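Heads up, the sequence shown is in numbering that gives the first Met the number 0, so the first residue is 0 and it goes up one at a time. All remarks here apply to the structure that follows.
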Amino acid sequence: MYKYNFENATEKRKADKDLGHILMPPNDGQEKHPEHLNEHELLQVIQRESLNQNWPEVKKLIQDFPEGKRKDLIAMLKSANKDPLIGKSFPDDIV
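Put into structure tokens, the structure is as follows:
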């Protein structure tokens with residue numbers, strides 16, 4: 000069985016041509032997974048509020064994310080605010 004390196008489009012095309020098929024499920028589209036679109040939109044809002052340092056709104060929006068994603072979300076927001084080009088602080092008490 001061939002292992003695909005999907006970062007290399009030429010390699011994938013060659014393997015497709017040689018094998019004639021790929022062993023991957025078809026793309027079922029975004030319509031069947033609206034939760035991802037909702038989270039994407041919410042992520043954009045929370046990033047904007049974080050960069051504007053609107054901490055009460057950031058706290059409220061974090062609660063709208065699934066509990067398993069909150070820790071990573073907070074780490075991402077802290078990292079984005081700490082970026083040298085942005086240079087803003089992120090409070091430690093946001094959970």
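Every residue, glycine too, gets a C-beta built ideally from N, C-alpha and C. These numbers were taken from a predicted model, which means no experiment stands behind them.
{"query": "If I measure Cβ to Cβ from F64 and keep anything under 6 Å in the same chain, skipping five residues before and after, which residues do I get?", "result": "L72"}
{"query": "So, is V57 buried or exposed, given that buried needs 16 or more other C-beta atoms within 10 angstroms?", "result": "buried"}
{"query": "Let's test the definition: count the other Cβ atoms within 10 Å of the Cβ of S49 and tell me whether it reaches 16, buried, or not, exposed.", "result": "buried"}
{"query": "Among the residues of its own chain, which have a CB less than 7 Å from the CB of L60, if the five just before and after it don't count?", "result": "L41, V44, I45, E48"}
{"query": "So the alpha helix (DSSP H) K59 belongs to, where does it begin and stop?", "result": "54 to 61"}
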